Ligand code: SF4
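Numbering (the working numbering), first residue to last: 348 to 584.
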């Protein structure tokens, strides 16, 4: 039974971030698992296996969740199961509620589609929990350049833990090589950042990896990490 506070304020979060931001990803995950235990959940989109493998190597009991929008590539779903088996962990797959799998809302409104298929399931998942671990890296994109290892998610009242925030692409490649981890099979087909099939395109070598997501729109994030106003939840007068 833990006796430390699970609800942390701005100063406590900043202090943990100072203590842990120079530590290895494994140390950060061990700390988070000890501190938050079952009050923490890890999400991974399985574009890459690094975070899930790291988490399960610290403890196979850590809950790793794939938010399945019902528009994920079959390759990603199979890859996630493969990593689960290799790592000896237990993957939870969460699907949206209140929308049929064949409703192609993305054709009309990608923000609304992401709100129902990704953001709402995440928020249900975080209800009653205190910590959310992600594989965000500062290198991913300019919108993620200020990601801290431990930070507050001001929108959801949870602590966000980003153990590989400081990792470069080379760090990820070397981790995968060291542990014999495969890539998502779409990576070799030019998909540098992998989400739902209707909204993900391969990119040219050397291009911004996230430029293949929602290509042709000004959208760069789905709302998990940088909440946008959801048109679904806006009340019209
Ligand atoms: S990425 Fe595309 S298909 Fe997936 S939830 Fe968002 S809008 Fe819908």
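Every residue, glycine too, gets a C-beta built ideally from N, C-alpha and C.
Predicted model only: the values in this text are computed from it and were never measured.
Only counting runs of 3 or more residues, tell me where the beta strand (DSSP E) segments fall wholly within the segment 402 to 473, in order along the chain.
411 to 414, 438 to 441
Between which two residues does the alpha helix (DSSP H) containing residue 378 stretch?
372 to 383
What span of residues does the beta strand (DSSP E) with residue 389 cover, start to end?
Per DSSP, residue 389 belongs to the beta strand (DSSP E) from 387 to 390.
Taking just the CA atoms, how far does residue 430 sit from residue 364?
29 Å
Which two residues bound the contiguous alpha helix (DSSP H) that contains residue 566?
Looking at the DSSP string, residue 566 is not in any alpha helix (DSSP H), and its letter there is neither H nor E.
Measuring only the C-alpha atoms, how far is residue 468 from residue 444?
7 Å
Tell me, which residues are paired with residue 512 by DSSP?
Beta-bridge pairing links residue 512 to no other residue.
For residue 557 and residue 567, what's the separation of their Cα atoms in angstroms?
7 Å
Taking its Cβ as the centre, do 16 or more other Cβ atoms sit within 10 Å of residue 425, making it buried, or is it exposed?
exposed
My assumption, with CB atoms under 8 Å, is that residue 372 sits in contact with residue 511. Please give the rounded CB distance.
5 Å
Quick check: what's the CA-CA separation for residue 481 versus residue 501?
15 Å
Does residue 580 pass the burial test, meaning 16 or more other C-beta atoms within 10 Å, or should it be called exposed?
Any reading at residue 580 must be qualified, since the residue scores a pLDDT of 40, below 50, and its modelled position is unreliable; no value is offered.
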